[in-house]
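Protein chains in written order, with the working numbering: chain A, 5 to 385; chain B, 5 to 385; chain C, 5 to 385; chain D, 5 to 385.
So the structure is just underneath, and the comments pick up after that.
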């Protein structure tokens, strides 16, 4: 199965490297939830295309770009060249010189150019791991189509154009999948889900569930099941990769405004006071972010308990490992013709599982439902 | 429904206090997992008897004893007097002067005296919250009966005699429940489970699932589902209550030898190197124990992540809150005539869920199965 | 010795309560660094006046105001009535209705009114524990005087006016002390230090050294002395008192721009990358703030070590305990005629020890120097 | 200056490797407290001899042994061959096959053989980094001499024989230094200090101050200086190196019985309840031990604060870095003829600073005193 990467940054590169190393038998598939269990094997995944808007990456091989992030890069990545993608301000305010297809083309032309490239390479699954963007969702399919056709470059983001291109591409080739691993609402935007259904596109999204949030979800589920009453939740995190740098930008942080009701409320059924957000950027922390949580709750007879959780978590590998499942599940959904979006997949892998009307559930439960969807025996149910 | 408490220590006292306070509308039923959902209400629970072997407690009212542990003790506890129970060295090496029924009676006579007392008070559910003992399981029913009949006081522990008495009592009155919240194997001892089945006794056990262990279970489940490979697990805990003091005694700690395969292995399917045990006793920490965990695991592409979890957890309320459910579930099991032991209940509430051939499963899953057993709608399944 | 409090908030109230309780023999003087060692005893301190700008506090007794923060308030606080102080936007953007002397008076008139009140009560030491302000330092004495005289209400803050009034007051009565426990630069503003010297005023300041910062200082000193090279320092903190609420205001946070070179750099001699700032406000955390630090450093042979420090620290008592020393040291400095500011005192008690040209030193060292200044034997030197 | 290593284990090897790497300009001298400041330079240190009792190490080069612990071993270590040392059960109960000089020789003969070897190589400073032993101190010089002369192999440990040999050697060559970095009391044993004085030997000891203990000392000093009353201190630590393995042996742990009054009491002036000890061994943690501390204390007005400190600390580099100073300070002490032991050095570098009548002082203070002893300007005093 053939995969295209949108955004050859840290996550895209660790995904490329780890995948090849597993295929070479160098490492175990740790961090890949369904490792060897799916009918499509890890060995069947082939990266065939890569797109970026960083001038210093375009035209380089994926091997060369990966070398910036990691030492032991497999030689097999020398065959893929990074092509120019859609920019639309997605790197704005970051210390990176960028260029995009839309610099010299209308949005429609850029979309067609992407589709042409995907066709040429036989792409089946498209993985979006761009930098977090500031965006406004569409919700209305017609408005989305109009924005592209009328070349409203200020209205759309790179991810939205990529997802639109994926729809058009899927319609033409009879089926494709688009994995949206960043916060821009796609699987939670009715405009895209509707268009995907009509176009034979599978969408998974939004925002890969890595780091502290899924852990928080399971910890509060643990408390909730014992009817311990949460007084408050604090969750800090700080890192040194581009994603944390991007989040220091106020505009991008606004993208959070469009996320649906909190994971905390979804699980607890009430909303305890909480402070949960990316806290800061500090370069030497690198990709191994530091998280710190403080939870106080009331136990039986009014007793006050407290949990403090600290962690050092490699951000990019956490997401990259999930992608190894998601591309295969995407292909499975195409084969099953489950176009639109698939909640059973999103509920386990995504922070903000689409479609928009669906809530978060505890990950441990979501995992069993996912297994059943994938045709695997549940593990403990 | 009428309840007897074996061991009027910290847990037994907080159970008594919290229960009355909830009944009085003073506090919310936090820490009681199924709070208001069961057909039997918290208001229906009535403590009618209490037994202990601490000379300074025998003959006092439960109110007076509770005052040692907590300030605001409801007046209603003035009506119950602590009676002499079975000792059999259960407080040995602890700085407590003790006496037991068996000081002047044979085991059979002591058993009969207990049964007489329970009959008189109409006890339906017996809750065992004695101090952790050093014990040897029986596994063979005949051997157990022989040990009691032949008055082998060195072979049996207080809990084993209490459980035996509960069997005999249940047989005579047509049904009763015995909740074993301490580590002595009862629900995991075939001798007791077999005898209970024949005697109309419901046993729940063993070892109430409080503190760090169930949390560890859910955290490692979280990692396991993402196929993160655990390098090691450290779990320290230290407290200042009698239970921690008791565990400084080498012999008592040996009681752990009889626990079945580790919760860690049950869930992960492999046994990562781990150091998990009660670490020490320090009086001024009191009942709010300090726990510290360190878990290192391998994520995608060989990345090493680390989680450090610290907590301050009130030990006795955590267990006492579970008891409020367990006594009601015990009564439900009697009504359904599910004699012997009930895995669906034990799997959620017990560290070492009986029967012995059953494994630990993630608590979040166990919770849903428990709800179904109890006739409640699962919460997320 | 007679003390006036400027700002009857959390700190001012805990100071009042704790002081009286110590005087009544109810509690030990824990948290008071030099407890019983100074020639002036804790029993000698008398609170005689209190000022605030919160409408709901003015005219109430200190006893009544303290009741908002704490249960057991000594009766002796019923004799002091909270008077109207200087506002000048110091509570702006906070959910408090405020009024100030300057609402109906010119700055000069307000200053005179304060002085009159202080004279009447025989005030010797004035403690400033107002809410953190947004401010611009003066540095030039003439400019400061002009701002007051020309009634430039937009140029000055409450603290600056209070400090100016203290100068004028000290000159008239022959000596007084002004303890500035908040971040506004006073002991670090040459305008005030110069004016104080001419006016018989002792200034201690700025910004009471509580919470995570002094601990950080001692921890990095520890590393520095072993020549361990710090890779980075993260220090989060979050609380639920008015001070944290005030710091969510962007303008107030700018007050940090005027602090002098970092404590970290002062001690290490180099400036490791760091993220150290108040992180957020969450009401139910209350006054017992949560702090979380992460420090990575290089040890011998390139080994990477890591320290993670979490704490729950009562913010107001930490500062209030220091004030019990500071008022007495203020009185001692008056007696010694050490007008202006006293670095030996500031270096131990203040985050930003004045005068401006002086650096931070490790607190453990500063403590010994302080003892020597106070005429006490050093403890370990 | 020429150095001999007793015990070519983890610490001895990291010391050897790091030293050569600094000399080669490969790494900075991080973790060496007085790095470039002493008159004797790091470049002047030369390892000339190494002794061990592990059969698999004897006869190998230091280079080969170091390869077991670290990847990048400098070639210069190929010139030193590990010779057979004194065993005397020092590796008993460890999974290591051992042999010692005393297997075929009397103690006196073994001592002479060591001295001969040291003379041949011109050794000036002897560094003892053997495995922690179970021992009984002598206190009486005559008894010590008698034990060696009468070949009482059950009475003495390897370290005691090494220290005795060092005395005899120093007397013969006119001066030498013995650095005891393990818990066996040498600098705190009057027998050895007296003998050293007579024999031109400098002893530094005992037990290199690494890991959690010196940090604890500085943290409690911090609290003490603010008169915060410590309710209790918990300090766990667990590691996976031979030292932690050795401490699982009950007999060895008894060696702690002879340590003098606690560092905690020395600094605070009172002894708060505490639980401070090596907690366990877990192989995959390796040399980077996990520490966890919990400190609760009373602040002003009875407020309860809590600090929780977790760390991952590389054990061997921490000690090895101190050795780079200690060997040079040893040489300086020889030159100054300060025979016996030197408190100013021990107070900073040792957990249990000799001589026995001296107490622990805060490390931050000890550091300044050390600098003054070494002829350096104090840093902040």
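We put the beta carbon where it would ideally sit given N, CA and C, even for glycine.
Beta-carbon proximity list for residue i, same chain, < 6 Å, skipping 5 on both sides
i, result
"residue 87 of chain C", "55"
"residue 67 of chain A", "77, 81 and 82"
"residue 284 of chain B", "242"
Exposed unless 16 or more other CB atoms sit within 10 angstroms - verdict on residue i
i, result
"residue 232 of chain D", "buried"
"residue 153 of chain B", "exposed"
"residue 355 of chain A", "buried"
"residue 273 of chain A", "exposed"
"residue 99 of chain D", "exposed"
"residue 252 of chain B", "exposed"
"residue 107 of chain C", "exposed"
"residue 376 of chain B", "exposed"
"residue 305 of chain D", "buried"
"residue 29 of chain B", "exposed"
"residue 396 of chain B", "Beyond the ends of chain B as shown, which are 5 and 385, falls residue 396 of chain B; an answer cannot be given."
"residue 387 of chain C", "The structure shown does not extend to residue 387 of chain C, since chain C spans only 5 to 385, so no value can be given for it."
"residue 47 of chain D", "exposed"
"residue 45 of chain D", "exposed"
"residue 61 of chain A", "buried"
Same chain, Cβ closer than 7 Å to residue i, five either side skipped, listed in chain order
i, result
"residue 73 of chain B", "14, 17 and 18"
"residue 10 of chain B", "55, 89, 130, 131, 132, 133, 134 and 166"
"residue 109 of chain B", "117"
"residue 92 of chain C", "104, 106, 157, 160, 161, 162 and 165"
"residue 275 of chain C", "266, 268 and 269"
"residue 102 of chain D", "57, 58, 59, 91 and 95"
"residue 250 of chain A", "98, 135, 136 and 256"
Candidates the options: closest to residue i by CA position
i, options, result
"residue 51 of chain C", "C:359, C:331, C:357 and C:366", "C:331"
"residue 380 of chain A", "A:336, A:341, A:284 and A:342", "A:336"
"residue 247 of chain B", "B:95, B:140, B:27 and B:33", "B:95"
"residue 125 of chain A", "A:183, A:75, A:161 and A:177", "A:177"
"residue 333 of chain D", "D:299, D:235, D:41 and D:120", "D:41"
"residue 359 of chain D", "D:187, D:58, D:234 and D:209", "D:209"
"residue 321 of chain C", "D:302, D:197 and D:320", "D:302"
Cβ shell of residue i (< 8 Å), same chain only, five flanking positions each side left out
i, result
"residue 79 of chain D", "67"
Chain G residues whose Cβ lies nearer than 7 Å to that of residue i
i, result
"residue 283 of chain A", "Going by chain labels, chain G is absent from the structure shown, which instead holds the protein chains A, B, C and D."
Next on the checklist: So, does the stretch 278-289 of chain C touch the stretch 279-289 of chain D, judging by three or more C-beta pairs under 8 Å?
Outcome noted: No: the two stretches stay apart, fewer than three of their Cβ pairs being nearer than 8 Å.
Checklist entry - For the stretch 179-214 of chain A, which segments carrying the alpha helix (DSSP H) assignment without a break, of at least 4 residues, lie completely within its bounds, in sequence order? => result The qualifying runs are 194-203.
Item to check | Inter-stretch contact (C-beta, 8 Å, three-pair minimum) for the stretch 314-322 of chain A and the stretch 298-310 of chain B | outcome: Yes, the stretch 314-322 of chain A touches the stretch 298-310 of chain B.
Next on the checklist: Between the stretch 142-156 of chain B and the stretch 177-187 of chain B, can you find at least three pairs of beta-carbon atoms closer than 8 Å?
Outcome noted: A contact between stretches requires three or more CB pairs, one per stretch, nearer than 8 Å, and the stretch 177-187 of chain B fails this requirement with the stretch 142-156 of chain B.
Next on the checklist: Quick check for students: name the residue ranges of the alpha helix (DSSP H) that lie wholly in the stretch 293-336 of chain A, counting only runs of 4 or more.
Outcome noted: Within the stretch 293-336 of chain A, no complete alpha helix (DSSP H) run reaches 4 residues.
Next on the checklist: List, from N- to C-terminal side, the beta strand (DSSP E) runs of 3 residues or more that fit wholly inside the stretch 112-169 of chain A.
Outcome noted: Within the stretch 112-169 of chain A, the complete beta strand (DSSP E) runs of at least 3 residues are 129-132.
Next on the checklist: Taking 8 Å as the cut-off, does the stretch 220-227 of chain B touch the stretch 209-225 of chain D (at least 3 CB pairs, one atom from each stretch)?
Outcome noted: By the Cβ test, the stretch 209-225 of chain D is not in contact with the stretch 220-227 of chain B, since fewer than three Cβ pairs between them sit closer than 8 Å.
Item to check | Within the stretch 78-110 of chain C, ranges of the beta strand (DSSP E) (whole runs, at least 3 residues) | outcome: With a minimum length of 3 residues, the continuous beta strand (DSSP E) runs that stay inside the stretch 78-110 of chain C are 86-88.
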